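Right, one structure below, let's go through it.
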Amino acid sequence: MFSQELTEKSLLAEMNKRLPQKKLLGSYLPHKGLSKLAELNKRDDFNIEDIGFFIEYGLSFSPAPFDIIPFGYTGGDGCYFAFLTDFGYHKNLEDCPIVFISPTDFNVKKPAWANILFAKNFEDFLSLMIQINFVDIIRFEDLSTLNFSEKIKEIHAELDHFPKTTQSRKSTIQIIRENFKLNKIPNLNDYFTDLKCERESINFLILKDAINLELLSIDRPIEKLSAKLNSNELKDWLNRVNLNSRLAFYRESPYIYQYWKNDYIEILKTIKKQLKEDGFQREVDVLEEEIRYTMLSQKYREIRKKKIRDKD
4 MFSQELTEKS LLAEMNKRLP QKKLLGSYLP HKGLSKLAEL NKRDDFNIED
54 IGFFIEYGLS FSPAPFDIIP FGYTGGDGCY FAFLTDFGYH KNLEDCPIVF
104 ISPTDFNVKK PAWANILFAK NFEDFLSLMI QINFVDIIRF EDLSTLNFSE
154 KIKEIHAELD HFPKTTQSRK STIQIIRENF KLNKIPNLND YFTDLKCERE
204 SINFLILKDA INLELLSIDR PIEKLSAKLN SNELKDWLNR VNLNSRLAFY
254 RESPYIYQYW KNDYIEILKT IKKQLKEDGF QREVDVLEEE IRYTMLSQKY
304 REIRKKKIRD KD
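In structure tokens, the structure reads:
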């Protein structure tokens, strides 16, 4: 029994290890605006959580896209904001659009529930969060028609019951406006409609994940994988098709394979190998960490189940 408890502890210790920020970012430098925001957050009169998130670079586990860099968490349902790199199309994080990822809302038939195009850039992101504050209002909604005014009124009515929070929020917003050049976004419906249309234009590859992909190259034709292949067949297919076809598959793999099943690990290993050959080392490191954590988690659950059975 003692030995088993020690194994549980050692597994938990391994699971709690974090991937170094250098590997999370790969060749990207930390986002300057985000770093500035983190410095401001050390002030007594500033609290970034007042506008609906806290700052932390993190991992993107399946079914989220491989080419995102999470930077801000809402604290509910595992939801977070991330820079979308489009597999290196954007050479620095300042140029990256921002997505809102809601892992628990993943739905093969409604991909826009889990992956939401949120902002064209970081300054727009801050402007939106100042207005919206509680990002959960956009979940399961059509952002082109959502009555933002009504939803925001409801949020403010709730905040009015907490005068200290309201005052703190006003202070935080004022300091953000003093330190960042924010774009005015008078009509939120128009903004989100324009963002969606932009990511559906001729320079983008339309994908099942609803956020699409800005093309790295002009490789044509693009071949989509429509049916499951075993890991060996998948390896052959990835070797045969061009880069854009592979990128499309990397994004759409959670919609083709059941990512929550144990055999998805083998698919991830195949993807990792091909990503390495394609030169996406950051994505390789992140995927390797997902595989490591998932395998440790499976082992931990097995030990816990055995322990429960032994007690019975």
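Per this note's numbering, the sequence shown starts with residue 4, numbered consecutively. Each residue gets a CB set at the ideal place from its N, CA and C atoms; glycine is no exception. Predicted, not measured: the structure shown is a model, and the values here were computed from it.
Could you check what DSSP says for A67 in three-state terms: helix, strand or coil? coil
Sequence-distant residues of the same chain with beta carbon closer than 6 Å to P100, five excluded per side: L87, K123
Could you name the residues that DSSP lists as bridge partners for P224? None, per the DSSP bridge assignment.
Please confirm whether Q225 and S256 have their CB atoms less than 8 Å apart. For clarity, residue 225 is Ile in the given sequence; the question names Gln instead. No, the pair does not count as a contact, with Cβ atoms beyond the cut-off.
Assuming contact is defined by CB atoms lying nearer than 8 Å, are L246 and L219 in contact in what I supplied? yes
Bridge partners of I58, per DSSP? G75
Does DSSP classify Y262 as helix, strand or coil? coil
Sheet register partners of F207 (DSSP bridge): E217
Got a sec, what are the start and stop residues for the beta strand (DSSP E) F121 sits in? 118 to 122
Does the separation of the CB atoms of Y262 and P66 fall below 8 Å? yes
Buried or exposed: F165, going by 16 or more other Cβ atoms within 10 Å of its Cβ? exposed
Should C82 be labelled buried (16 or more other beta-carbon atoms within 10 Å of its own) or exposed? buried
Would A115 pass as a contact of S105 if the rule is Cβ separation under 8 Å? no
Reference S204, options K272, L216, D212, Y194, closest by Cα: L216
Secondary structure of V289, DSSP reduced to three states: helix
Closest to H34 by C-alpha separation, out of G75, E201, M18, would be which residue? G75
Assign R254 to buried or exposed, taking buried as 16 or more other Cβ atoms, counted over all protein chains shown, within 10 Å of its Cβ. buried
Can you tell me which of the three DSSP states A85 falls into? strand
What's the C-alpha gap between S147 and S300? 40 Å
Assuming I54 contacts I178 under a Cβ cut-off of 8 Å, what Cβ separation, rounded to an integer in Å, is found between them? About 11 Å; that fails the 8 Å criterion.
By alpha-carbon positions, which one of K314, F56, S30 ends up nearest to L37? F56
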